[in-house]
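Novice: Handing you this structure, nothing more for now.
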Amino acid sequence: MSHDPRNEGEEWTAAEREVFRDLPREKEPPPGLEERLVKELRQRGRLAPARPRWIRPLLQTAAAVLLLVGGVVLGRWTDGAARSGPGPEQDTAAHFMLLLYEPPGWSREAEAERVEEYGAWARRLAEEGRSVTGAPLEAVEQVLVPEPGERDATAGPDGEPEGLSLGGYFLIGADDFASAVEVAESCPHLRHGGTVVVRELALEP
Amino acid sequence: MTLEDASGPADRELVARFLTDRSEAAFRHLYRRHTPRLYQTVLRLLGGSEAEAQDALQEVWLRAADGLDGFRWGSTLSTWLTGIAVNICRESRRSRPREVEAEALVEPAASFSDPSGGAALDLERALAALPDGYRRVVVLHDVEGYTHEETARLLGVETGTSKSQLHQARRALRRLLDPDRPRRWAT
Numbered sequence: 000m001s002h003d004p005r006n007e008g009e010e011w012t013a014a015e016r017e018v019f020r021d022l023p024r025e026k027e028p029p030p031g032l033e034e035r036l037v038k039e040l041r042q043r044g045r046l047a048p049a050r051p052r053w054i055r056p057l058l059q060t061a062a063a064v065l066l067l068v069g070g071v072v073l074g075r076w077t078d079g080a081a082r083s084g085p086g087p088e089q090d091t092a093a094h095f096m097l098l099l100y101e102p103p104g105w106s107r108e109a110e111a112e113r114v115e116e117y118g119a120w121a122r123r124l125a126e127e128g129r130s131v132t133g134a135p136l137e138a139v140e141q142v143l144v145p146e147p148g149e150r151d152a153t154a155g156p157d158g159e160p161e162g163l164s165l166g167g168y169f170l171i172g173a174d175d176f177a178s179a180v181e182v183a184e185s186c187p188h189l190r191h192g193g194t195v196v197v198r199e200l201a202l203e204p
Numbered sequence: 000m001t002l003e004d005a006s007g008p009a010d011r012e013l014v015a016r017f018l019t020d021r022s023e024a025a026f027r028h029l030y031r032r033h034t035p036r037l038y039q040t041v042l043r044l045l046g047g048s049e050a051e052a053q054d055a056l057q058e059v060w061l062r063a064a065d066g067l068d069g070f071r072w073g074s075t076l077s078t079w080l081t082g083i084a085v086n087i088c089r090e091s092r093r094s095r096p097r098e099v100e101a102e103a104l105v106e107p108a109a110s111f112s113d114p115s116g117g118a119a120l121d122l123e124r125a126l127a128a129l130p131d132g133y134r135r136v137v138v139l140h141d142v143e144g145y146t147h148e149e150t151a152r153l154l155g156v157e158t159g160t161s162k163s164q165l166h167q168a169r170r171a172l173r174r175l176l177d178p179d180r181p182r183r184w185a186t
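So the sequence lines, in the order shown, correspond to chains A and B. Following numbering that gives the first Met the number 0, the numbering of the first sequence begins with 0 at its first residue and continues without gaps. Following numbering that gives the first Met the number 0, the numbering of the second sequence begins with 0 at its first residue and continues without gaps.
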């Protein structure tokens, strides 16, 4: 779109046009609208159904392991200060996984600085009273793929976002998906060109 | 930076994923990229009614989801979504009592950036007070920056009609922004 200089009739002065330009162009919608919309679209068949049932036990097991391990073994990104908030096993907020993906050519040279930066970010979250734990992941991995026909549309052939490799994770507490995304948007991994995927843990209430 | 230049996959790629695989991730990406601007536009088109705007915004996305397979990229996705928003806002207002349209003014009003005219509505409130039709054309052309041709297409009218409506709308807006100036209602 572009402003048409060939206006006829009532023309705004330069000062008046500036007032128009200063009007806000964006406004955040109320929280919850996105989730209602996704739910409605899913009901209408416009979105693929939620993950296959068989993967829930896998996630529950993984979540249980993480909660146990998170309470005993500290990752390189979170230390005692970062765990000063309520642990995932104590707080009542929902739990979300932030999966940190790295694009091809991801540099290892600045790894030490990134570890420090990610740790500082996690400590800030903990100081705000949010449960958080996380760690980088070793390079060796085993990717489990869904059954044929149920593959995640955004995944590459081996189940991960195409072209990216999983480099680390954070497990955080948040009131809802929108809040978790808001937290994830501040994750320094994004500033370094990485991708962050947010998923809610499918835990039994 | 335009919406299309925002970080992440391009709109075309996201739309393709949504259509081909019904990807929730792709839809959420599109939603988050376009909603802040879309919501502000809808809110302004509806005169600041938050409740109405939220319903309209949801309807925009539901219709977009239904209509994306027919979208041929003759415009940006953002413009296409705005077109849907304009139609939904117009439909929303059709159920309300007809408003009396403001008639032509005697003389152009003082500039609203000039305080010498006395107290006046600020621009946002003045836009909200405009009749729906006037508000639509001013929001699309003067606020959102669409050309006359684009504005006309979005409103479903001829370009000349859009220009004429804008002329009248601006005069009405000036009158709202300068309430001390004498007004005359056409009979």
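For every residue, glycine included, the Cβ atom is placed at its ideal position computed from N, Cα and C. Note that the structure is a prediction, hence the values are computed from the model and not measured.
1. Is Phe17/B near Ala9/B, with beta carbons less than 7 Å apart?
2. Residues bridged to Leu42/B by DSSP?
3. Give me, in chain order, the residues of the same chain whose beta-carbon lies closer than 7 Å to that of Pro187/A; leave out the 5 immediate sequence neighbours on both sides.
4. Are the CB atoms of Pro28/A and Tyr30/B nearer to each other than 7 Å?
5. Where does His166/B sit, in a helix, a strand or coil, going by DSSP?
6. Please compile the residues from chain B whose C-beta is within a distance smaller than 7 Å of the C-beta of Lys26/A.
7. Taking DSSP's pairing of strands, which residues face Leu200/A in a bridge?
8. Does the beta carbon of Tyr133/B sit closer than 7 Å to a beta carbon anywhere in chain A?
9. Cβ closer than 8 Å: which chain A residues qualify as neighbours of Arg27/B?
10. Taking only beta carbons into account, state which residues of the segment 152-166 of chain B come closer than 9 Å to chain A, listed in chain order.
11. I want to verify the contact list: residues of chain A whose CB lies under 7 Å from the CB of Glu58/B, in sequence order.
12. Less than 7 Å between CB atoms is the rule here; does Glu9/A satisfy it with respect to chain B?
13. Assuming contact is defined by CB atoms lying nearer than 7 Å, are Gly166/A and Pro102/A in contact in what I supplied?
14. Along chain B, which residues have their Cβ under 8 Å away from the Cβ of Pro23/A?
15. Give a yes or no on whether 7 Å exceeds the smallest Cβ distance from Leu163/A to chain E.
16. Are the C-beta of Pro145/A and some C-beta of chain B separated by less than 7 Å?
17. Taking the alpha helix (DSSP H) that Val182/A falls in, what are its first and last residues?
18. Classify Gly118/A as helix, strand or coil using the three-state DSSP reduction.
19. Under a CB-based cut-off of 7 Å, is Ala63/B close to chain A?
20. Against chain B, with Cβ distances strictly below 7 Å, would Val197/A count as a contact?
21. Three or more beta-carbon pairs under 8 Å between the segment 128-138 of chain B and the segment 166-174 of chain B, yes or no?
22. Start and end of the beta strand (DSSP E) containing Thr193/B?
23. Rounded C-beta distance between Val195/A and Glu23/B? I'm assuming under 8 Å.
24. Between the alpha carbons of Trp60/B and Gly44/A, how many angstroms are there, rounded?
25. Tell me whether Leu46/A sits in a helix, a strand or coil according to DSSP, three-state version.
26. Mind pulling the chain A residues with CB within less than 8 Å of Val142/B?
27. Around the C-beta of Gly128/A, are 16 or more other C-beta atoms found within 10 angstroms, so that it is buried, or is it exposed?
28. Hey, does Leu98/A have any beta-carbon neighbour from chain B nearer than 7 Å?
29. When you compare the CB of Leu40/A with every CB in chain B, is at least one pair closer than 7 Å?
30. So, for Ala225/A: in the same chain, excluding its five sequence neighbours on each side, which residues have a beta-carbon less than 6 Å away from its beta-carbon?
31. Quick one: Cα of Gly69/B to Cα of Ala128/B, how far?
Specialist: Judging by the given coordinates:
1. no
2. DSSP lists no partner for Leu42/B.
3. Glu116, Tyr117 and Trp120
4. no
5. helix
6. Pro35, Tyr38, Gln39 and Leu42
7. Paired residues: none, contrary to the question.
8. no
9. Glu33 and Val37
10. Lys162, Ser163, Leu165 and His166
11. In chain order: nothing, as chain A lies at least about 10 Å away.
12. yes
13. no
14. Gln39
15. You won't find chain E in this structure, because its protein chains are A and B.
16. Any reading at Pro145/A must be qualified, since the residue scores a pLDDT of 49, below 50, and its modelled position is unreliable; no value is offered.
17. Phe176 to Ala183
18. helix
19. no
20. no
21. yes
22. Given a span of 0 to 186 for chain B in the structure shown, any question on residue 193/B remains unanswerable.
23. Rounded, the Cβ-Cβ distance is 16 Å, inconsistent with contact.
24. 14 Å
25. coil
26. Phe19 and Leu22
27. exposed
28. no
29. yes
30. No answer is possible for residue 225/A: it lies beyond the span of chain A, which begins at 0 and ends at 204.
31. 36 Å
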